[in-house]
Amino acid sequence: MTADDEFERALERAAVRLGVAERVCVLTGAGVSAESGVPTFRASDGLWEGHRIEDVASPFGFQRDPQLVWTFYNARRANVATVKPNAGHHALKAMEDRWGDRFTLVTQNVDGLHRAAGSKNVLEIHGSLHRTRCTLCREIADRGLEPLPELPACHCGAMLRPDIVWFHENLPEDIWEAAITAAHQCDVLLVVGTSAVVHPAASLVPIAKRSKSPGATVIEVNLTPTEASAFADIGLYGPSGQVLPRLVEQLG
Ligand code: APR
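Just so you know, this note's numbering puts 813 at position 24 of the sequence shown, and the rest follows in order with no gaps.
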């Protein structure tokens, strides 16, 4: 059997499992936005656009040099302002249309592209580039992608930070609880474009797998196998911007 035949068979099996699923949960990572032109995180040099991850994505980095952190996030905001959702995001929106509120999209991405594609039931477990959070009064504000000052301040006078979950920080409790519930209850978990190495996000995969007998069917969509592959019943290896529309088409 050729690799193409194997892929087509896997696609058919995935569509059959999805076709009978009562509830569907999706976990997405940076790979789903790669075809829109948003860079993924784990470059081989261990740097994040030239910065050490600790310097730009940790509370200690922000304490040390808030200006550097804001320069980094303002550049990410400016980049995201120039990109559009791709066919993968649109396919996930089409799935939400099919399952309605029995479909939950959990994303580690902060780029807002799922919402831009029209997805509504989105749990942004790592926050959003669109939002700021006050370091003092904690107010969260949706600033869209408008350019922000080099060091933006809250109306209360204190410094603002991006409303992003950094390394060494906890996920927002209510959003994380909702994600766990969706993983527990789903019949199919689609794991799309994530290396599945960052926890607790990646733990949604074993949670879905072990939640009920015989466990959710886990379908992985990625360019390559990942840490999640050991839990995957079906692997669809290829770009999500091509694989997800094929899956929707196969679902009919
Ligand atoms: N289609 C499908 N998968 C893709 C594509 C594509 N077009 N391009 C890349 N990928 C896959 C890669 O093979 C890799 O497995 O996307 C994954 C990207 O992995 P990471 O860069 O590690 O991104 P992610 O898993 O989202 O990182 C998780 O880590 O840095 C933190 O908080 C940040 O949310 C992020 C978290």
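Every residue gets a Cβ at the ideal spot worked out from N, C-alpha and C, and that includes glycine.
Asked	Found
Residues that DSSP places opposite Cys814 in a beta bridge	Thr893 and Leu978
CA nearest to the CA of Gly907, picked from Leu881, Trp888 and His840	Leu881
Distance between Gly946 and Gln897 (C-alpha atoms, nearest Å)	30 Å
Beta strand (DSSP E) runs wholly inside the segment 893 to 944, at least 3 long, in chain order	911 to 913, 916 to 923 and 929 to 931
C-alpha gap between Gln856 and Ala968, whole angstroms	33 Å
heavy atom of the ligand APR below 7 Å from Phe861 C-beta	no
Rounded Cβ spacing between Ser761 and Val821 (contact assumed at less than 8 Å)	In this structure the chain extends from 790 to 1041, so residue 761 is not present and cannot be described.
Proximal residues to Gly826 (C-beta, below 7 Å), its chain only, five neighbours per side dropped	Val872
Nearest-angstrom Cα separation, counted from Phe851 out to Ile914	20 Å
Bridge-paired residues (DSSP) for His840	Trp837
C-beta atoms of Glu1016 and Ala997 nearer than 8 Å	no
Stretch pair the segment 969 to 988 + the segment 809 to 818: three plus CB contacts closer than 8 Å	yes
Contact under 8 Å by Cβ, Gly839 with Thr983	no
Per-residue DSSP class, three states only, for Pro995	helix
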